[in-house]
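Read through the structure below, which is laid out as structure tokens, and then see the notes.
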Amino acid sequence: MELSHDLPDSTDWIDTSLPAFEPLEAALRCEVCKEFYNNPVITSCSHTFCSLCIRRCIGADGKCPACKSACQADKLMPNIAVREVVTKFQEARSKALELARKDKEDSETSVGARKRKVEEAELDEEEPVRQTRARQTRRSARRGETAGTDDAPFVILDSEEEKDGDYLPEGMAKCPICQELMKAHLVFDHVNTCTGEPGDRSTRSRKPSSFPTALQTRPKEPTPPTSRLSGLNYAMLTESALKKKLRDLGIPSTGSKALLIRRHQEWLNIYNSNCDASDAVRKSKRELLRELDEWERTQGGNANTKESYVMKKDFDGQGHAMAHKSQFDDLIANARKRAKAVQKSEPEGKTTREPNQEPQQQPHVDQSTTTQAPHPSTAPPPADAPAARPYEHNESALSTIKAKVDEANRTDSAFPSLSCEKSSSNDRAAKEAEMSEETTLGFQDPFRSPSRKVPMFALPAEPVCDVDSSTAIQ
Amino acid sequence: MSTAARRRLMRDFKRMQTDPPAGVSASPIADNVMTWNAVIIGPADTPFEDGTFRLVMHFEEAYPNKPPGVKFISQMFHPNVYGTGELCLDILQNRWSPTYDVAAILTSIQSLLNDPNTSSPANVEASNLYKDNRREYTKRVRETVEKSWED
């Protein structure tokens, strides 16, 4: 519990004066691991993930986790722009968050003080974010700094760091690479030949240079990126040949063929994602082997494969509920509290959503036989309602329907087509019609069911939307 | 030992606290971050309204590349919940995406409560009643709701 509070997360911004930073930070985090992008790569469907995350996903099902379109590991390209944004954002984050939190606290404690200036207070409620900025600007102005613009917190961060050593005598300038002080007109010539000094790279990344970015030489990758390993056709390799391949790669070669394959795949993931890393953070093979070892202990040959007691068939749910009673009580209290809070804050949200569904269903329940209420979602055959017992004496129709049903049952599809569903419902309805006089209800419902199917088929799409929107908010 | 799965679960937990979805709640058990207890409050204006349904979730080290195992430990009457409490929910099986987190799973289950999928029922009786005799279905659901308060 304590641990989770130290974990920097996009949701940290929610309770500050800059809640708009929450979706901003969420956009800088990988959708899979929810961490800041680590070695971000872009897929052929233009989604960005950590290199290791997307490689593992592709290994699992070959699909992009965001859009589920087919994805290939060898089509991944490093997304350098995102990498840079993430690095810079992380550098600026803690200070900005601190200010935003403090600002929120200040505005909460100074409610009384604000009453003195009524107009200001009104403005505050209308446009909290803008007011926040203004206040930050005022604070930075108080500290004797140039008035900030939109990114006031960042300006503070930088200028505080170099309050001392940043004085430039007139006509002098600093080389953006080695930071050496020289006459301004000499700098351009110097830059062309400047080799930089060891250790200067980090200084350069922290301190803003006096040169516009366009004039800075881009740091070239000094060593060419290591070439990625390519996959193997495991089906074509015998176990011993595969073992030899693993030995050649310098990774453990013990275990069954299935384990060898999984280990090789994981090694490709680890190794190739390291190739997508920027030069500054590229790991040594030794570190990669340590990561593989962790995989071995948790998911590979040394993993504890014992099924969790929770998922066993004979798991005692009641006993578990009793054993964790206090935890469940807390959870219930929490969930209830929030459910109520939401109902209070957006009562119209519920009422507007519900009617959309209800009117479609209710007419069928209430009006029983008489009508076939206009049904927008699908088109139940127009003949349905008028022919209340269409098949009762119609043996030929019955037999064709039965044949269709049999066919539908034979094709072992998890998602039978709508037409199959319809015919099977009709068939059951027809049977019921034969059996009893009280067919009206039985009739009505099966006809309803095909139309109900549509929202049900649509259901799988829903969670995806949920996640999209929730991550967008987070 | 902090693995990718454990780090991700700690983050899921943090998000459940800092950005909690309405009507659901979950936390890891005291000694194991891989096993969670969860509660879903039955959504308003449904037969499940106000039910306090308890669940248990189990995550593997392959999470989030593999979905967790999720089961109800409260007694349920729902077309897509087996007698054992296990769920038949596509996003926990073939439509799982590693982008889902605990909050997304629980809100999906919450919305499944009032929007069952009767094309592949796990509880045939519930599915048939849902289709053919909604009044009886509602009655049976209300019984489980009342039972959920006593647990």
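Protein chains in written order, with the UniProt record's numbering: chain A, 1 to 474; chain B, 1 to 151. Even glycine gets a Cβ: it sits at the ideal position worked out from N, Cα and C. Treat the numbers as computed from the prediction; the structure is a model and nothing was measured.
Under the Cβ distance rule, A/HIS324 counts among the residues neighbouring chain B, one pair being separated by less than 8 angstroms. Interface flag for B/GLY69 against chain A is set, since a Cβ pair is found closer than 8 angstroms.
When the alpha-carbon of B/THR46 is set against those of B/ALA122, B/ALA62, B/LEU112, B/THR118, the nearest one is in B/LEU112. Taking a 10 Å sphere around the C-beta of B/PHE13, we find 16 or more other C-beta atoms and assign the residue as buried. With a threshold of 8 angstroms between beta carbons, A/PRO65 makes contact with chain B. Chain-order list of chain A residues neighbouring B/SER27: GLN327, LEU331, by C-beta distance under 7 angstroms.
When secondary structure is reduced to three states using DSSP, B/TRP36 falls in the strand class.
Here A/CYS57 carries a helix assignment [DSSP, helix/strand/coil]. With fewer than 16 other beta carbons inside 10 angstroms of its own, A/CYS67 counts as exposed.
For A/LEU259, the enclosing alpha helix (DSSP H) stretches over residues 257-275.
For B/ARG142, no beta strand (DSSP E) encloses it; the enclosing alpha helix (DSSP H) starts and ends at 134-150. Looking at the backbone, the Cα of A/ASN39 and that of B/ILE91 are separated by about 28 angstroms. In the three-state DSSP reduction, A/ARG282 falls in the coil class, being neither helix nor strand.
Taking a cut-off of 8 angstroms for Cβ pairs, the segment 230-249 of chain A and the segment 11-22 of chain A do not touch, as fewer than three such pairs fall below it. In the displayed model, A/ARG228 falls within coil according to three-state DSSP, outside both helix and strand. Beta-bridge partners of A/THR48 (DSSP): A/ILE42. Proximity of chain B to A/VAL86 at the Cβ level (cut-off 7 angstroms) is not reached, the minimal Cβ distance being about 16 angstroms.
Think of a sphere of 7 angstroms around the beta carbon of A/CYS33: the chain B residues whose beta carbon falls inside it are ALA4, ARG8, in chain order. C-alpha of B/TYR137 to C-alpha of B/SER108: approximately 21 angstroms in a straight line.
B/SER127 has a beta carbon lying at 8 angstroms or more from every beta carbon in chain A. Nearest to A/ILE42 by alpha-carbon distance, out of A/LEU260, A/ASN79, A/PRO23, A/ALA277, is A/ASN79.
Neighbours of A/CYS57 across chain B, judged by C-beta separation under 8 angstroms: ASN65, PRO98. The alpha carbon of A/PHE315 has as its nearest neighbour, out of B/PRO28, B/SER74, B/ASN114, the alpha carbon of B/SER74. Fewer than three beta-carbon pairs drawn from the segment 289-307 of chain A and the segment 31-51 of chain B are found closer than 8 angstroms, and the two stretches are therefore not classed as touching. Closest option to B/GLN110, judged by alpha-carbon separation, among B/ALA126, B/ILE40, B/PRO21: B/ILE40. Neighbours of B/PRO20 in chain A, taken as residues whose beta carbon is under 8 angstroms from its own, are ASN334, ARG338 in chain order.
Contact between the segment 50-61 of chain B and the segment 316-330 of chain A is present: three or more C-beta pairs spanning the two stretches fall below 8 angstroms. Annotated three-state conformation of B/MET76 is coil, per DSSP.
DSSP lists A/ILE42 as the beta-bridge partner residues of A/MET77. Residue-level contact check: A/GLN265 does not touch chain B, since none of the beta carbons of chain B fall below 8 angstroms from its beta carbon.
Your pair A/ASN304 and A/ARG56 does not check out as a contact, with CB atoms roughly 20 angstroms apart and the cut at 8 angstroms. The beta carbon of B/ASN65 sits closer than 8 angstroms to the beta carbons of PRO98 from its chain, once the five residues preceding and following it are set aside; these are given in chain order. Across the set B/GLU150, B/ARG6, B/GLU146, B/THR3, the C-alpha of B/GLU146 shows the shortest separation from the C-alpha of B/PHE77. Scanning its chain for C-beta atoms nearer than 8 angstroms, with the 5 sequence neighbours on each side dropped, one finds around B/ILE29 the residues THR35, TRP36, ASN37, in chain order. Taking 8 angstroms as the cut-off between beta carbons, the residues of the segment 302-319 of chain A near chain B are ALA303, SER308, VAL310, MET311, LYS313, PHE315, GLY317, GLN318, in sequence order. Among the CB atoms of chain A, none fall inside 8 angstroms of the CB of B/GLU143.
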